[in-house]
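>
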Amino acid sequence: MGKDDWKIVFFAVGILLVMAALPAILLLGPLHMGDGEATRLTAVLTLIGILVTASVALIGFVMNRQTEHRLQTEQAEQGRQLRLDSAMRAGQLIAPTDGGSSDPAALASGLLALTKLDNADLAVPLLVDLWCPENPRVSHETAVLVIDAALRSPSSNAQLIAAELLCRHSTRLNPCQSLHWPSAVEGCWVPDLSPRAKLLLVEALVNMTLAGPTHESALRAVAVRLYGIWRDDPDDRVRGCIGKLVESLIGRLNDLGYKDFMQGTQQVMLSELQQAARSRSDNPDGYLDRLSTKFADDLRGWAQRCEGLPTEPGYLATAD
């Protein structure tokens with residue numbers, strides 16, 4: 003029971019005690035019965051009855067409130083216990099107690115179950131060992147889904163680890179495959195990320211793009227993703243750097259002759275990309291300014307080589 007509830011209980015008990023003593027005080031004192039005072043006594047007793055009824059109702063309200071609070075606490079505790087049990091079962095899928103090795107499906111199920119149980123801060127550190135370049139035990143798609151959940155989580159540590167992992171593996175991902183890039187930053191952005199996490203994600207996007215195919219679909223994909231960062235980030239310094247990257251692509255985008263660009267669920271007009279390019283500015287941090295200039299130069303050279311449509315089988319399933 004909270005402090006306020008106790009105050010209400012004490013107040014209500016005090017009223018009951020007063021109501022219990024008041025009739026005797028009134029009858030023995032100022033309302034000592036005499037001739038013709040029966041009507042006044044009836045009115046006083048009626049008032050006392052009303053006050054007593056109200057006090058009883060108030061106490062009942064407080065008791066109900068206490069009961070509801072206890073039930074809510076019990077339900078919350080049961081929910082935490084269920085999540086803990088589920089997390090432990092998910093952990094057993096990742097690391098069986100019999101010492102055997104888990105198959106990829108069990109590993110994926112365990113990691114994704116942890117993210118669904120709001121334990122992304124536990125799932126993404128496990129991904130560090132399971133998604134290693136030398137001996138990957140989970141697919142790129144599973145890893146990106148875990149990273150996506152971590153980026154959406156409220157844990158700044160999970161977000162940073164996720165961004166670090168994505169940057170570390172970026173050159174092995176295909177920029178034209180939606181399952182190879184987190185949907186949390188697919189033409190949109192997470193503006194509450196730490197500066198370090200933002201920088202890692204931008205570097206991951208640039209590295210993935212430069213290591214990927216050189217055709218129009220890849221060019222369109224990186225343009226929309228960069229625009230999402232520029233549009234959604236409130237920091238003018240970030241917008242200035244991203245504007246510099248968009249500006250490095252705008253010449254080739256103009257040459258394509260397209261007016262709109264789609265990637266994932268996002269659609270961006272050429273005029274919007276041109277607006278982002280015009281916002282380019284130097285960063286007050288000399289290191290970040292040099293880094294963004296290098297990224298822009300690399301993207302400009304890459305964009306000039308982009309031409310034609312994808313030719314590999316099933317490319318429509320890998321490029322939005």
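Count along the sequence shown from 1, add 2, and you get the number used in my numbering.
Note that beta-carbon positions come from the ideal geometry of N, C-alpha and C, so glycine has one too.
1) Just checking, does the stretch 195-214 make contact with the stretch 294-310 on the three C-beta pairs under 8 Å criterion?
2) Who are the near neighbours of V270 in its chain, counting only those whose CB is closer than 6 Å to its CB and skipping five residues on each side?
3) Give the secondary structure of Q179 by DSSP, where H, G and I count as helix, E and B as strand, and everything else as coil.
4) Quick check on D262: does DSSP put it in helix, strand or coil?
5) Whole-angstrom Cβ separation of D330 and W191, contact assumed at under 8 Å?
6) Look at the alpha carbon of P184 and the alpha carbon of P156, and state the distance between them as a whole number of angstroms.
7) Can you round the beta-carbon distance between D150 and A199 to whole angstroms, since I take them to be within the 8 Å contact cut?
8) Using the DSSP secondary-structure output, state which residues sit across from Q269 in a beta bridge.
9) Confirm, please, whether the CB-CB distance from S219 to P312 is below 8 Å.
10) Take E309 as the anchor and find which of G266, N285, N256, R292 has the nearest alpha-carbon.
11) Leaving out five residues on either side along the sequence, give the residues of the same chain with a beta carbon under 6 Å from the beta carbon of A278.
12) Please report how far the alpha carbon of Q68 lies from the alpha carbon of S158, in whole angstroms.
13) Could you check what DSSP says for L119 in three-state terms: helix, strand or coil?
14) Please name the residue, chosen from S141, G51, I163, that lies closest to N176 on a Cα-to-Cα basis.
15) Which runs of the beta strand (DSSP E), 3 residues or longer, sit entirely within the stretch 140-172?
16) Hey, C178 and P215 are a contact pair by Cβ (cut 8 Å); roughly how many whole angstroms apart?
Looking at the coordinates:
1) yes
2) V226, Y229, F263
3) coil
4) strand
5) The first residue shown for the chain is 3 and the last is 322, placing residue 330 beyond what the model contains.
6) 16 Å
7) Contact doesn't hold; Cβ gap of about 14 Å is too wide.
8) M264
9) yes
10) N256
11) Y229, W232, G245, V248
12) 36 Å
13) coil
14) S141
15) none
16) 7 Å
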